[in-house]
Structure formats: C-alpha cells, structure tokens
Amino acid sequence: MLLWGGMLYDLLKPLIYTLDAERAHRLAIRAAALSSGGAIPRVRPVMIGGVEFPNPVGLAAGLDKDGEAIDGLMGMGFGSVEIGSLTPRPQAGNPKPRLFRLVEDRAVVNRMGFNNGGIDAALERVKRAKRPGVLGINVGANKDSDDRVADYALGVEKVAPHADYVTINVSSPNTPGLRDLQSRPALDELLNAASAARVLEGRRVPLFLKVAPDLDRDGMAGVVAAAANASIDALIVGNTTISRPDSLRSPLAREAGGLSGRPLAVLARAKLAQALEIADGAMPVIAVGGIDSPEEARARLDAGAVMVQIYSALVFEGPGLVRRILNAL
Numbered sequence: 019m020l021l022w023g024g025m026l027y028d029l030l031k032p033l034i035y036t037l038d039a040e041r042a043h044r045l046a047i048r049a050a051a052l053s054s055g056g057a058i059p060r061v062r063p064v065m066i067g068g069v070e071f072p073n074p075v076g077l078a079a080g081l082d083k084d085g086e087a088i089d090g091l092m093g094m095g096f097g098s099v100e101i102g103s104l105t106p107r108p109q110a111g112n113p114k115p116r117l118f119r120l121v122e123d124r125a126v127v128n129r130m131g132f133n134n135g136g137i138d139a140a141l142e143r144v145k146r147a148k149r150p151g152v153l154g155i156n157v158g159a160n161k162d163s164d165d166r167v168a169d170y171a172l173g174v175e176k177v178a179p180h181a182d183y184v185t186i187n188v189s190s191p192n193t194p195g196l197r198d199l200q201s202r203p204a205l206d207e208l209l210n211a212a213s214a215a216r217v218l219e220g221r222r223v224p225l226f227l228k229v230a231p232d233l234d235r236d237g238m239a240g241v242v243a244a245a246a247n248a249s250i251d252a253l254i255v256g257n258t259t260i261s262r263p264d265s266l267r268s269p270l271a272r273e274a275g276g277l278s279g280r281p282l283a284v285l286a287r288a289k290l291a292q293a294l295e296i297a298d299g300a301m302p303v304i305a306v307g308g309i310d311s312p313e314e315a316r317a318r319l320d321a322g323a324v325m326v327q328i329y330s331a332l333v334f335e336g337p338g339l340v341r342r343i344l345n346a347l
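Here this note's numbering is used: position 19 in the sequence shown is 37, and no number is missing along the way.
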C-alpha cells in the first residue's frame with residue numbers, strides 16, 4: 019500500500035505545506051521508498067525505441083534524482099519512472115533556498131542546479147530495485163566540467179547497461195550555459211557522442227532528448243533536425259520555463275529559476291504542437307508541463323503526444339492523480 023497516497027495525502031497536505039518545500043520533497047521521497055507499491059496498470063501501452071511502456075503516464079525526472087524510491091514510485095501506477103538528472107561526479111547544487119511552492123498558482127519554481135550524489139551511487143540503488151515498470155535515467159553535465167560533451171557521453175556509457183532508456187537533459191535553466199547546448203553545432207557534437215556511447219555489447223539503448231519550452235521556432239527546428247540526424251528515439255518537450263506568465267499571483271514567482279506546474283500548460287501545449295508539426299512523424303514526442311488533470315493528459319495525447327510525464331502536479335493533486343488519469347484513459 020502506498021503510504022502517502024490517496025485520501026491520506028489530502029489529509030496531510032495542510033501540514034506538508036507548512037514545511038519548507040525542499041524538506042517536504044525529501045520526506046516524500048522517504049515515504050515513497052517505504053512503500054510496497056503494486057501492480058502497474060496496463061492501459062494504452064506504448065512502444066518507443068523497442069521498449070514497451072505499460073501505460074503512457076510517466077514520472078518526469080527531478081522528483082527522485084538519486085533513484086532512492088524507484089519501486090515505490092512505480093507502485094503509484096506510473097508506466098515509467100525517470101530518475102536524475104545524474105552527473106558523473108556528485109554535486110551539491112545551488113545554495114538554499116532553491117525550491118519554492120507557489121500555492122496560489124499551483125506552481126513550483128526551482129533552481130536546484132543538478133544536485134545529486136553522482137551516477138555511481140545512484141546505479142547501486144538501481145541494481146537493487148525490482149523495477150516492475152520502465153526505468154529511464156536522465157543524465158546531465160557537472161557545473162564545473164571542462165568538457166560537458168564528454169560528461170554526457172560518460173553518463174550515457176555508465177547508465178546504459180542499467181536503463182530501459184536514457185534521457186539527455188540540455189534543458190535545465192539552473193546550470194549556467196547548459197541550454198547553449200541546444201544550439202547547433204554544439205548539439206550535433208553532443209548527440210553524436212551520446213549516441214555512440216549508448217551501444218554496449220550489441221545492445222542499443224533508446225536515447226531521448228529533453229529540451230526547453232523556451233525555444234523559438236528556429237531553435238525547435240534545429241533540435242528536431244539534430245535529433246533525427248543522431249537517431250534519437252524520442253523528444254521530451256519540455257522542461258521548466260524561465261518565463262513568467264502575467265497570471266501569477268504568488269510573490270514567490272519573482273524567485274529565479276524554472277517555473278513548472280499549471281501556469282506552464284499554455285506554453286507547453288504550444289511547444290508540443292510546434293514540435294509535432296516540425297517533426298512531422300519523424301520521431302515520437304513526449305509531453306511535459308502543466309499536466310495536472312485527466313482532461314489535460316488526454317488533451318496532450320489526443321494532440322499527438324505518445325506519452326505524458328508529470329511531476330509538479332503531484333505537489334498539489336497528490337499521488338492519486340496517476341491512477342485518476344489512467345482510469346480516465
């Protein structure tokens with residue numbers, strides 16, 4: 019039984035909201051790690067890169083960066099759980115406070131900065147996990163790296179034997195200069211190195227690319243072309259945004275970092291449509307951003323996304339959201 023799910027979460031939410039957002043996040047991971055999980059619903063299974071996802075609702079990277087609660091999170095009903103972002107070396111991330119809950123807007127701002135214990139430590143946990151669903155591992159570069167392309171290639175090489183798919187994350191706004199890697203020719207170099215690193219002992223691990231929703235049309239076109247050239251298996255659109263909609267009411271909206279949650283939905287829908295139009299069927303597109311209801315999840319799938327991923331909505335809707343979406347599908 020999931021210890022923090024359903025009605026229990028609704029009862030505890032007022033208490034949870036009195037806690038610092040990052041402390042609440044850590045408590046949620048600990049609770050999920052203690053959960054026994056359950057069977058993963060098989061609803062509208064999806065095939066991407068030769069991997070079958072039992073259902074099209076995935077957990078986006080960022081919640082369980084270090085792979086501490088893989089089985090418990092899968093027990094919530096997710097067809098896939100993506101851990102990370104993981105970097106080759108452990109990294110403390112940015113100074114605290116760096117995670118902010120915008121309750122009035124049902125949104126989150128974060129400037130975590132790829133805080134994680136490093137790839138090697140996370141892989142020890144991955145090896146111990148039972149993994150009833152699909153496991154994705156999201157990789158990034160260390161902030162102080164002299165060669166970020168080499169960091170990504172090393173990350174892919176290390177995690178590929180243990181992942182069902184690997185995601186290249188060049189979309190975080192919280193590592194200075196990282197989003198520059200979304201532009202060509204830097205992106206071509208990175209993807210070619212990562213693609214070479216994913217082939218191990220004859221196994222070609224599916225490789226996904228996660229990009230920012232702040233790309234303009236030319237930028238998105240360049241990303242799609244580079245991804246196609248490197249035989250990337252899917253595009254994840256997108257991550258948090260550095261923009262701030264005029265509708266935001268919380269004073270915390272002024273905090274620096276990436277915005278996620280309900281206010282991101284309009285931009286995320288537009289970027290999904292743009293990516294689908296440009297890709298024109300050349301590769302699957304996974305929708306992320308502002309998906310906080312069964313209706314919104316269905317709308318993204320009906321628009322052409324092969325899957326959806328959620329994260330920030332769990333803060334406000336609770337873990338029961340996953341099965342509500344699956345029931346609606």
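C-beta atoms are modelled at their ideal positions from N, C-alpha and C, and glycine is treated no differently. As the structure is a prediction and not an experimental result, all values here were calculated from the model.
Asked	Found
Paired residues, beta bridge with L277 - DSSP	V127, T259
C-alpha gap between G279 and R124, whole angstroms	6 angstroms
Y170 - DSSP class collapsed to helix/strand/coil	helix
Backbone CA spacing between F334 and A305 [nearest angstrom]	19 angstroms
Beta-carbon proximity list for D182, same chain, < 7 angstroms, skipping 5 on both sides	V69, V152, L153, G154
For A39, the nearest candidate out of M92, R222, N128, I328 (CA to CA)	N128
Cα-Cα separation between I343 and A78, rounded to whole angstroms	15 angstroms
Same chain, Cβ closer than 6 angstroms to P263, neighbours up to 5 away in sequence not counted	P281
Burial state of P224 (16 or more Cβ within 10 Å)	buried
Contact under 8 angstroms by Cβ, A57 with E86	no
Integer Cβ distance of N173 from V157, believed to fall under 8 angstroms	The sequence given here has Gly at residue 173, not Asn. Right, their Cβ atoms sit about 3 angstroms apart.
G240 - DSSP class collapsed to helix/strand/coil	helix
7 angstroms Cβ shell around K148 - same chain, five flanking residues per side excluded	D89
Cβ neighbours of S268 in the same chain (closer than 6 angstroms, five flanking residues each side left out)	L120, E122, D123
Distance between I296 and V242 (C-alpha atoms, nearest Å)	7 angstroms
Sequence-distant residues of its chain with Cβ nearer than 7 angstroms to R222 (five each side left out)	R216
Opening and closing residue of the alpha helix (DSSP H) in which G151 lies	That residue, G151, is in no alpha helix (DSSP H); it is neither H nor E in DSSP.
Exposure of N345, with buried meaning 16 or more beta-carbon neighbours within 10 Å	exposed
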